[in-house]
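Residue numbers (this note's numbering), protein chains in the order written: chain A, 63 to 333; chain B, 63 to 333.
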C-alpha cells in the first residue's frame, strides 16, 4: 500500500485519513506534496500565537491560518476538513496531553483557530535530489531534535526557547544545503547554526530531547535547523489552556507541491 | 533646515517630532532611513488586522507590531515613543476623521496595538539610484493613488479593495523596476500590474482617488504597486470603531537603513 501511496495526491491521502483507512505517519506519502504541522488554539490566544509565528518565522513558518471556527484551509487545501483529514491528533489541556484521537468531532469548538506551519519534509526532499545525505532518512528513524538556549522572540504571554533539528553534513555540503534551503522560507529556511552544539546550549548530541540519535561520520559537522516542535513546547510552557496538534509525524497533506513554496504566489498571499 | 535634515538619522527626526520642532511631511528627511506607515487599532481588532496584513503582504508589509499598550517599537526603533515621535496623527472613530493631533497623549489607551508598515520611499530611492524616473518626485507632488476592483484577501470582519500607487515607466524600465523592487518585500515589493488601468478597475488616470495626477510621456506605460493606504480604507470601510494613523506623508522614521530591508536579519525576525 505504501508504494502506491507514494504517488498519490495530497487530497488522496486526506480522504484516506478522513475514512480512517490511513492512521499511520505520513513520511514518504504523496511525494512532492507539501506536508504541514497543525496547531489549533482558542481565539483568545490567536493574536498572540499569530504574532509569535510572525516574530519567529524560521521555527513557525505560516502556510495558512483559518477563520475562527472554520475547519477548512481554503488556501492550501480547499475542500479539506482539519477535523478529520489528518491521521492522528493530540489534545492538550493546561500543557498536559489528555487525549489522542483519530478525529476531532468531540473536541471542535466554534472559537478554535487553526494554524498550518511548514515542515522539513519539503527541504529534505530538495537536499536528497541534490545528492546530499539526510542521515535519519538513511537510518530510517526520526530526525533528532534538541532544546536550545536560544530564546524565541516572545509575543505577549508566549515565550520559550527554540527547538532545533540536526542533520550531519560535511562543511561543503552544509553550504550547499544553506543555498538550497534558502529557497524554502516556508519550510524552516536555511540552517541557523553549525558546529559546536554547546554554543546553542546542547550538551549531548547522542541524547536528543525528541526523535532519535543519528551517527555523525568523520569529516561531518552537526547542522541545525529551526524546528516546528518549538511551537508545541512554547504553547505548553506558556500556560495555554487548550491546544490541539497533529500527532508527531502524522502531518496534514496540502494541495501544494514542494516547488510551489519557492513561488511568489505562495510566499506572498494574494499576488 | 531641510537640507540639514536630509543627512540626519532616523532618531534625530523622531526627537525633533517629539519636541514639536518638526510637524511637516517627512519625504526627503534622513535619507536612507526606512520610513513607516503607522496604524493603531484596539486589541479586540488586533488579531484580525494582523491576519489581514499577513494575508495581504504587498499592501501591508509588516515591519513591527507592538505589544498591547506598549508605545515602543523595540525592534526597528528602540527607545522611540509612537505617541510623540511622528509629526502628525489622524484619529478616526467609526470610520470618520474626528481629530488631527501633534501627539497622542489624549488618545492613548492600554488596549491599543501599533502596526508599522513599510512604505514606498525605500524602493523609490532604489529606483532613483538605478537611474529610473520617479515621476511624482520629478513633479514635486504626491504619488497618484487609485482604488481598484482587486479584492483584498479578507480576514474576519476586515474586507475591501486594494489601493495602488502608479508610476509611469517605459516597458524596459518597468522590468528593471520589478527586479529592483523584488529585493524590498517589506516596501510593497514588485509592481502587481502594468498597462491597461481598466483591467484593475481604474477608469481615469487623470483623477486619482488620493494624491496628485502625474503626466505619462509617449512610450511609457502606467505601472501599479500595492499601496499602504489600503489598510486605512479597509479599516474605515469594515466598521472598526477606533483607529489612529499617521497623517498622510507624515511618517515614522526607524533606525533601519533601506539596505537593511534586503537582509535576512530583518526579513526574518529572530535569525
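Built from N, CA and C at the ideal position, the CB exists for glycine as well. All values reported here derive from a predicted model rather than from experimental measurement.
For the alpha helix (DSSP H) containing residue 75 of chain B, list its first residue and its last residue.
72-80
Where in the segment 115-202 of chain A do unbroken runs of the alpha helix (DSSP H), each at least 4 residues long, occur, reported from the N-terminal end onward?
183-191 and 197-200
Which of helix, strand or coil DSSP assigns to residue 302 of chain A
coil
Can you name, in chain order, every residue of its own chain whose Cβ lies under 6 Å from the Cβ of residue 183 of chain B, other than the five neighbours on each side?
97
If the cut is a Cβ gap below 9 Å, which residues of chain B does residue 124 of chain A touch?
116
Restricting to Cα atoms, I'd like to know which of B:125, B:263, B:144 and B:219 is closest to residue 138 of chain B.
B:125
Just checking: is the beta-carbon of residue 109 of chain A within a distance shorter than 9 Å of some beta-carbon in chain B?
yes
Between the segment 168-196 of chain B and chain A, which residues of the former have CB atoms less than 9 Å from a CB of the latter, in chain order?
175
When DSSP builds the beta bridges, which residues end up paired with residue 296 of chain B?
Per DSSP, none; premise fails for residue 296 of chain B.
Host alpha helix (DSSP H) of residue 244 of chain A (start-end)
233-244
Would you verify that the beta carbon of residue 328 of chain B is, or is not, closer than 9 Å to some beta carbon of chain A?
Below a pLDDT of 50, predicted positions are generally treated as unreliable, and residue 328 of chain B, at 49, falls in that range; the measurement from the model is reported next regardless. No, no contact with chain A.
Does DSSP classify residue 259 of chain B as helix, strand or coil?
helix
Can you find a C-beta in chain B that's less than 9 Å from the C-beta of residue 301 of chain A?
no
Quick one: residues in its chain with C-beta nearer than 8 Å to the C-beta of residue 188 of chain B, no 5 flanking neighbours on either side, listed in chain order?
242, 243, 245, 246 and 320
Using the three-state DSSP reduction, which class does residue 205 of chain B fall into: helix, strand or coil?
coil
So what does DSSP say about residue 64 of chain B, is it helix, strand or coil?
helix
Inter-stretch contact (C-beta, 8 Å, three-pair minimum) for the segment 78-85 of chain A and the segment 247-265 of chain A
no
Let me know the secondary structure DSSP gives residue 291 of chain A once reduced to three states.
helix
Which residues in chain B sit within 8 Å of residue 112 of chain A, going by Cβ to Cβ distance?
109, 112, 113 and 116
Contact the segment 226-237 of chain A vs the segment 295-314 of chain A: 3+ CB pairs below 8 Å:
no
Is residue 89 of chain A helix, strand or coil when you go by DSSP?
coil
Under the assumption that residue 206 of chain B contacts residue 270 of chain B (Cβ atoms under 8 Å), give the Cβ distance between them as a whole number of angstroms.
4 Å
What three-state label does DSSP hand residue 106 of chain B in the structure shown?
helix
Nearest by alpha-carbon distance to residue 69 of chain B: which of B:315, B:323 and B:299 is it?
B:315
Given a cut-off of 9 Å on the beta-carbon distance, is the pair residue 150 of chain B and residue 164 of chain B in contact?
yes
Segment contact flag, the segment 97-107 of chain A with the segment 271-278 of chain A, C-beta cutoff 8 Å, min 3 pairs
no
Under 7 Å Cβ-Cβ, which residues of chain B neighbour residue 218 of chain A?
129
Please classify residue 265 of chain B as buried or exposed, where buried requires at least 16 neighbouring CB atoms within 10 angstroms.
exposed
What are the boundary residues of the beta strand (DSSP E) that residue 314 of chain B is part of?
314-319
Counting contacts by CB-CB distance shorter than 9 Å, is residue 241 of chain A in contact with chain C?
Structure shown: chain C not included; protein chains present are A and B.
Closer than 9 Å, CB to CB, is residue 158 of chain A near chain B or not?
no
Inspect the beta-carbon positions of residue 263 of chain A and residue 212 of chain A and report whether they are closer than 9 Å.
yes
Find out if the Cβ-Cβ distance for the pair residue 140 of chain B, residue 176 of chain B is shorter than 9 Å.
no
What does a CB cutoff of less than 8 Å around residue 73 of chain A pick up in its chain, not counting 5 residues either side in sequence?
139, 141, 142, 315 and 317
So, does the CB of residue 105 of chain A fall closer than 9 Å to a CB anywhere in chain B?
yes
Assuming residue 91 of chain B contacts residue 75 of chain B under a Cβ cut-off of 8 Å, what Cβ separation, rounded to an integer in Å, is found between them?
5 Å
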